[in-house]
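Engineer: Could you have a look at this structure, given as C-alpha coordinates, before my questions?
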Amino acid sequence: MNWEAPALVLSSTLFSETDALVHLFAPAQGVVHGLVKGGGSRRSAGIWQMGNLVQVTCRMRSEGQLGLVSGELAAANAARAMNFRASLACLASVCAVTDAALPEAEPYPGLCQDTAGFLSMLGTEGEAGQGAEIATLVGWEVILLRDLGFALDLSCCAVTGETEDLVYVSPRTGRAVSRAGAGKWASRLLPLPHFLLDPSVNGTPQDWDDGLRLTGHFLMRDVFGPVHCPLPSARVRLADMVRALIPTVASGEES
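What follows is the structure in C-alpha coordinates.
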(Lines of atoms letter the chains of each structure in order from A; the text may use other names.)
(Lines give C-alpha, C1' and ligand atoms only; values in the text may rest on other atoms or scores of the structure.)
Protein backbone atom coordinates (compact mmCIF):
# COMPACT_ATOMS: atom_id res chain seq x y z
CA MET A 1 0.00 0.00 0.00
CA ASN A 2 3.07 2.27 -0.11
CA TRP A 3 4.25 4.20 -3.15
CA GLU A 4 6.78 6.80 -4.20
CA ALA A 5 6.41 9.04 -7.25
CA PRO A 6 6.51 12.62 -8.48
CA ALA A 7 3.12 14.23 -7.84
CA LEU A 8 1.44 17.57 -8.44
CA VAL A 9 -0.11 19.34 -5.46
CA LEU A 10 -3.72 20.15 -6.33
CA SER A 11 -4.66 21.60 -2.95
CA SER A 12 -3.38 21.88 0.59
CA THR A 13 -5.42 22.82 3.66
CA LEU A 14 -4.61 22.90 7.36
CA PHE A 15 -5.79 19.73 9.11
CA SER A 16 -4.58 20.72 12.55
CA GLU A 17 -2.32 23.43 13.94
CA THR A 18 0.66 22.12 11.96
CA ASP A 19 -0.54 19.23 9.77
CA ALA A 20 -1.93 19.57 6.23
CA LEU A 21 -4.44 17.61 4.18
CA VAL A 22 -3.18 17.46 0.58
CA HIS A 23 -4.72 16.37 -2.69
CA LEU A 24 -2.12 15.06 -5.11
CA PHE A 25 -2.08 14.00 -8.77
CA ALA A 26 0.41 11.25 -9.60
CA PRO A 27 0.81 9.39 -12.94
CA ALA A 28 0.02 5.85 -11.77
CA GLN A 29 -2.04 6.67 -8.68
CA GLY A 30 -4.30 9.41 -10.08
CA VAL A 31 -5.80 11.87 -7.61
CA VAL A 32 -5.05 10.81 -4.04
CA HIS A 33 -5.60 12.41 -0.63
CA GLY A 34 -3.04 12.30 2.14
CA LEU A 35 -1.98 13.77 5.45
CA VAL A 36 1.35 15.57 5.77
CA LYS A 37 2.61 15.68 9.34
CA GLY A 38 3.98 19.18 9.86
CA GLY A 39 2.86 20.16 6.36
CA GLY A 40 1.23 23.32 7.62
CA SER A 41 4.28 24.53 9.52
CA ARG A 42 6.25 27.55 8.38
CA ARG A 43 9.16 25.32 7.45
CA SER A 44 7.19 22.94 5.22
CA ALA A 45 4.22 24.95 3.93
CA GLY A 46 6.13 26.16 0.87
CA ILE A 47 6.63 22.61 -0.36
CA TRP A 48 2.90 21.88 -0.43
CA GLN A 49 1.80 24.97 -2.35
CA MET A 50 -0.87 24.33 -5.01
CA GLY A 51 0.74 23.59 -8.37
CA ASN A 52 4.13 22.46 -7.08
CA LEU A 53 5.74 19.23 -8.24
CA VAL A 54 6.84 17.16 -5.25
CA GLN A 55 8.69 13.86 -5.00
CA VAL A 56 6.21 12.08 -2.74
CA THR A 57 6.33 9.06 -0.48
CA CYS A 58 2.93 7.81 0.66
CA ARG A 59 2.32 5.10 3.24
CA MET A 60 -1.06 3.48 3.85
CA ARG A 61 -2.02 0.73 6.26
CA SER A 62 -4.95 -0.43 4.12
CA GLU A 63 -6.65 0.43 0.84
CA GLY A 64 -8.96 3.43 1.10
CA GLN A 65 -7.28 4.75 4.23
CA LEU A 66 -5.88 8.28 4.30
CA GLY A 67 -2.18 7.89 3.65
CA LEU A 68 0.68 9.55 5.49
CA VAL A 69 2.59 11.68 2.99
CA SER A 70 6.07 13.15 2.99
CA GLY A 71 8.01 14.68 0.17
CA GLU A 72 10.71 16.92 -1.25
CA LEU A 73 10.13 19.84 -3.58
CA ALA A 74 10.99 19.03 -7.19
CA ALA A 75 9.68 22.15 -9.00
CA ALA A 76 8.42 25.36 -7.38
CA ASN A 77 5.72 26.12 -9.95
CA ALA A 78 3.64 28.11 -7.46
CA ALA A 79 6.38 30.60 -6.57
CA ARG A 80 7.08 31.34 -10.24
CA ALA A 81 3.40 31.74 -11.19
CA MET A 82 2.67 34.04 -8.25
CA ASN A 83 4.62 36.83 -9.94
CA PHE A 84 1.99 37.23 -12.67
CA ARG A 85 -1.79 37.50 -12.34
CA ALA A 86 -2.67 35.46 -15.43
CA SER A 87 -0.18 32.72 -14.58
CA LEU A 88 -1.53 32.38 -11.05
CA ALA A 89 -5.13 32.33 -12.31
CA CYS A 90 -4.26 29.57 -14.80
CA LEU A 91 -2.48 27.54 -12.13
CA ALA A 92 -5.39 27.81 -9.70
CA SER A 93 -7.92 26.91 -12.38
CA VAL A 94 -6.08 23.84 -13.66
CA CYS A 95 -5.50 22.49 -10.14
CA ALA A 96 -9.11 23.09 -9.09
CA VAL A 97 -10.61 21.56 -12.24
CA THR A 98 -8.32 18.53 -12.00
CA ASP A 99 -9.15 18.00 -8.35
CA ALA A 100 -12.89 18.31 -8.89
CA ALA A 101 -13.24 16.50 -12.22
CA LEU A 102 -11.12 13.37 -11.85
CA PRO A 103 -12.34 10.35 -9.88
CA GLU A 104 -10.11 9.51 -6.96
CA ALA A 105 -7.40 6.85 -7.37
CA GLU A 106 -7.90 6.30 -11.12
CA PRO A 107 -4.68 6.70 -13.12
CA TYR A 108 -4.45 9.22 -15.95
CA PRO A 109 -0.73 9.11 -16.77
CA GLY A 110 -0.97 11.06 -20.03
CA LEU A 111 -3.10 13.79 -18.52
CA CYS A 112 -0.80 13.98 -15.51
CA GLN A 113 2.18 14.51 -17.80
CA ASP A 114 0.30 17.17 -19.79
CA THR A 115 -0.71 18.92 -16.57
CA ALA A 116 2.84 18.90 -15.23
CA GLY A 117 4.10 20.30 -18.53
CA PHE A 118 1.54 23.10 -18.47
CA LEU A 119 2.25 24.08 -14.87
CA SER A 120 5.99 24.14 -15.59
CA MET A 121 5.52 26.80 -18.32
CA LEU A 122 3.55 29.24 -16.17
CA GLY A 123 5.38 32.48 -15.47
CA THR A 124 8.41 31.63 -17.57
CA GLU A 125 7.68 34.34 -20.16
CA GLY A 126 6.34 36.99 -17.79
CA GLU A 127 3.38 39.16 -18.82
CA ALA A 128 4.23 38.55 -22.47
CA GLY A 129 3.40 34.88 -22.06
CA GLN A 130 -0.19 35.25 -20.87
CA GLY A 131 -1.66 34.65 -24.33
CA ALA A 132 0.21 31.37 -24.77
CA GLU A 133 -0.68 30.31 -21.23
CA ILE A 134 -4.43 30.90 -21.57
CA ALA A 135 -4.58 29.36 -25.04
CA THR A 136 -2.68 26.31 -23.76
CA LEU A 137 -5.04 26.03 -20.79
CA VAL A 138 -8.05 25.85 -23.13
CA GLY A 139 -6.26 23.12 -25.08
CA TRP A 140 -5.57 21.31 -21.81
CA GLU A 141 -9.29 21.39 -20.97
CA VAL A 142 -10.03 19.81 -24.37
CA ILE A 143 -7.58 17.02 -23.45
CA LEU A 144 -9.23 16.61 -20.04
CA LEU A 145 -12.64 16.24 -21.67
CA ARG A 146 -11.23 13.66 -24.07
CA ASP A 147 -9.60 11.62 -21.32
CA LEU A 148 -12.85 11.61 -19.35
CA GLY A 149 -14.69 10.24 -22.39
CA PHE A 150 -16.19 13.47 -23.75
CA ALA A 151 -13.94 14.21 -26.72
CA LEU A 152 -14.69 17.11 -29.03
CA ASP A 153 -14.40 16.39 -32.76
CA LEU A 154 -12.71 19.37 -34.40
CA SER A 155 -11.39 17.46 -37.42
CA CYS A 156 -14.07 18.36 -39.99
CA CYS A 157 -17.45 19.99 -40.43
CA ALA A 158 -20.33 17.93 -39.07
CA VAL A 159 -22.59 19.22 -41.86
CA THR A 160 -20.46 19.32 -45.02
CA GLY A 161 -17.45 17.18 -44.11
CA GLU A 162 -15.04 19.91 -45.20
CA THR A 163 -11.91 20.63 -43.17
CA GLU A 164 -11.48 24.31 -44.03
CA ASP A 165 -13.00 27.42 -42.40
CA LEU A 166 -14.08 25.62 -39.24
CA VAL A 167 -15.38 28.42 -37.01
CA TYR A 168 -18.10 26.88 -34.81
CA VAL A 169 -18.80 23.90 -32.57
CA SER A 170 -22.19 22.33 -32.04
CA PRO A 171 -23.14 22.64 -28.33
CA ARG A 172 -25.10 19.40 -28.68
CA THR A 173 -22.64 17.08 -30.44
CA GLY A 174 -19.26 18.72 -29.77
CA ARG A 175 -18.43 18.56 -33.49
CA ALA A 176 -16.92 21.37 -35.52
CA VAL A 177 -19.04 23.25 -38.07
CA SER A 178 -17.75 25.35 -40.98
CA ARG A 179 -18.96 28.84 -41.79
CA ALA A 180 -20.83 27.53 -44.82
CA GLY A 181 -22.26 24.58 -42.92
CA ALA A 182 -23.59 26.76 -40.11
CA GLY A 183 -25.94 28.76 -42.31
CA LYS A 184 -28.86 30.29 -40.43
CA TRP A 185 -27.99 28.28 -37.30
CA ALA A 186 -24.72 30.15 -36.67
CA SER A 187 -26.13 32.12 -33.73
CA ARG A 188 -26.93 28.87 -31.92
CA LEU A 189 -23.40 27.49 -32.21
CA LEU A 190 -20.33 28.04 -30.04
CA PRO A 191 -17.41 29.98 -31.58
CA LEU A 192 -14.35 27.84 -32.29
CA PRO A 193 -11.13 29.84 -31.68
CA HIS A 194 -8.48 29.28 -34.31
CA PHE A 195 -5.77 28.51 -31.74
CA LEU A 196 -7.43 25.15 -31.03
CA LEU A 197 -6.81 24.20 -34.66
CA ASP A 198 -3.37 25.83 -34.99
CA PRO A 199 -1.25 25.62 -31.80
CA SER A 200 1.24 28.15 -33.24
CA VAL A 201 -1.43 30.86 -32.82
CA ASN A 202 -2.17 32.31 -29.37
CA GLY A 203 -5.19 34.40 -30.36
CA THR A 204 -6.71 37.48 -28.74
CA PRO A 205 -8.64 38.00 -25.48
CA GLN A 206 -11.86 37.53 -27.47
CA ASP A 207 -10.50 34.18 -28.72
CA TRP A 208 -9.53 33.15 -25.18
CA ASP A 209 -13.00 34.05 -23.96
CA ASP A 210 -14.55 32.02 -26.79
CA GLY A 211 -12.31 29.07 -25.92
CA LEU A 212 -13.17 29.17 -22.22
CA ARG A 213 -16.88 29.41 -23.02
CA LEU A 214 -16.54 26.44 -25.37
CA THR A 215 -14.79 24.11 -22.92
CA GLY A 216 -16.82 25.51 -20.01
CA HIS A 217 -20.04 24.49 -21.75
CA PHE A 218 -18.94 20.86 -22.07
CA LEU A 219 -17.33 20.73 -18.63
CA MET A 220 -20.64 21.81 -17.12
CA ARG A 221 -22.81 19.60 -19.31
CA ASP A 222 -20.76 16.40 -19.15
CA VAL A 223 -18.53 16.56 -16.05
CA PHE A 224 -19.88 18.84 -13.32
CA GLY A 225 -23.56 19.13 -14.20
CA PRO A 226 -24.36 15.41 -13.88
CA VAL A 227 -23.09 15.43 -10.27
CA HIS A 228 -24.86 18.75 -9.53
CA CYS A 229 -21.66 20.73 -9.02
CA PRO A 230 -20.79 24.17 -10.42
CA LEU A 231 -17.58 24.98 -12.23
CA PRO A 232 -14.81 25.43 -9.65
CA SER A 233 -14.63 29.03 -8.46
CA ALA A 234 -11.01 29.35 -9.64
CA ARG A 235 -12.17 28.48 -13.18
CA VAL A 236 -14.93 31.10 -12.97
CA ARG A 237 -12.44 33.74 -11.78
CA LEU A 238 -10.13 32.97 -14.70
CA ALA A 239 -12.98 33.38 -17.19
CA ASP A 240 -13.97 36.69 -15.55
CA MET A 241 -10.37 37.93 -15.74
CA VAL A 242 -10.12 37.08 -19.44
CA ARG A 243 -13.47 38.68 -20.21
CA ALA A 244 -12.31 41.89 -18.55
CA LEU A 245 -9.39 42.09 -20.97
CA ILE A 246 -11.60 42.35 -24.06
CA PRO A 247 -12.64 46.04 -23.89
CA THR A 248 -9.08 47.13 -23.07
CA VAL A 249 -7.56 45.43 -26.10
CA ALA A 250 -10.46 46.37 -28.35
CA SER A 251 -9.96 50.06 -27.56
CA GLY A 252 -6.35 49.85 -28.63
CA GLU A 253 -4.86 49.95 -25.13
CA GLU A 254 -2.46 47.43 -23.76
CA SER A 255 -3.36 45.44 -20.65
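Numbers 1 to 255, taken from our numbering, label the letters of the sequence shown in order. Backbone N, C-alpha and C define an ideal beta-carbon position, used for all residues, glycine too. All figures in this text were calculated on a predicted structure; none of them were measured in a lab.
(1) Under a three-way DSSP split, which group does glutamate 72 fall into?
(2) Quick check for students: name the residue ranges of the beta strand (DSSP E) that lie wholly in the stretch 149–205, counting only runs of 3 or more.
(3) Where do the ends of the alpha helix (DSSP H) carrying proline 109 lie?
(4) Taking the beta carbon of alanine 244 as the centre, do at least 16 other beta carbons fall within 10 Å, making it buried, or is it exposed?
(5) Using a threshold of 8 angstroms, state whether the C-beta atoms of glycine 203 and histidine 217 are closer than that.
(6) Which residues in the same chain have their Cβ closer than 8 angstroms to the Cβ of tryptophan 140, if we skip the five residues on either side of it in sequence?
(7) Quick one: what does DSSP say threonine 215 is sitting in, helix, strand or coil?
(8) Give me the DSSP bridge partner(s) of glutamine 55.
(9) Which residues in the same chain as glutamate 162 place their Cβ atom closer than 7 angstroms to its Cβ, once the five residues preceding and following it in sequence are excluded?
(10) With leucine 145 as the anchor, note down where its alpha helix (DSSP H) starts and where it stops.
(11) Could you please give the first and the last residue of the uninterrupted beta strand (DSSP E) stretch that includes leucine 35?
(12) Can you tell me the Cβ-Cβ gap for leucine 111 and leucine 145, rounded? I've got them flagged as a contact below 8 angstroms.
(13) Are the Cβ atoms of valine 9 and valine 22 separated by less than 8 angstroms?
(14) Under 8 angstroms: do the stretch 67–81 and the stretch 39–58 share three or more Cβ pairs, one atom per stretch?
Structural biologist: Reading off the structure:
(1) strand
(2) Those beta strand (DSSP E) runs which fall completely within the stretch 149–205 and span 3+ residues are 166–169 and 176–178.
(3) 109–121
(4) exposed
(5) no
(6) Cβ within range, chain order: Val94, Asp114, Thr115 and Phe118.
(7) helix
(8) DSSP, once it has assigned bridges, lists Pro6 and Glu72 as partnering glutamine 55.
(9) Cys156 and Ser178
(10) 130–147
(11) 30–36
(12) Not quite, the Cβ-Cβ distance comes to about 11 angstroms (not below 8 angstroms), so this is no contact.
(13) The Cβ-Cβ distance between valine 9 and valine 22 falls below 8 angstroms.
(14) yes
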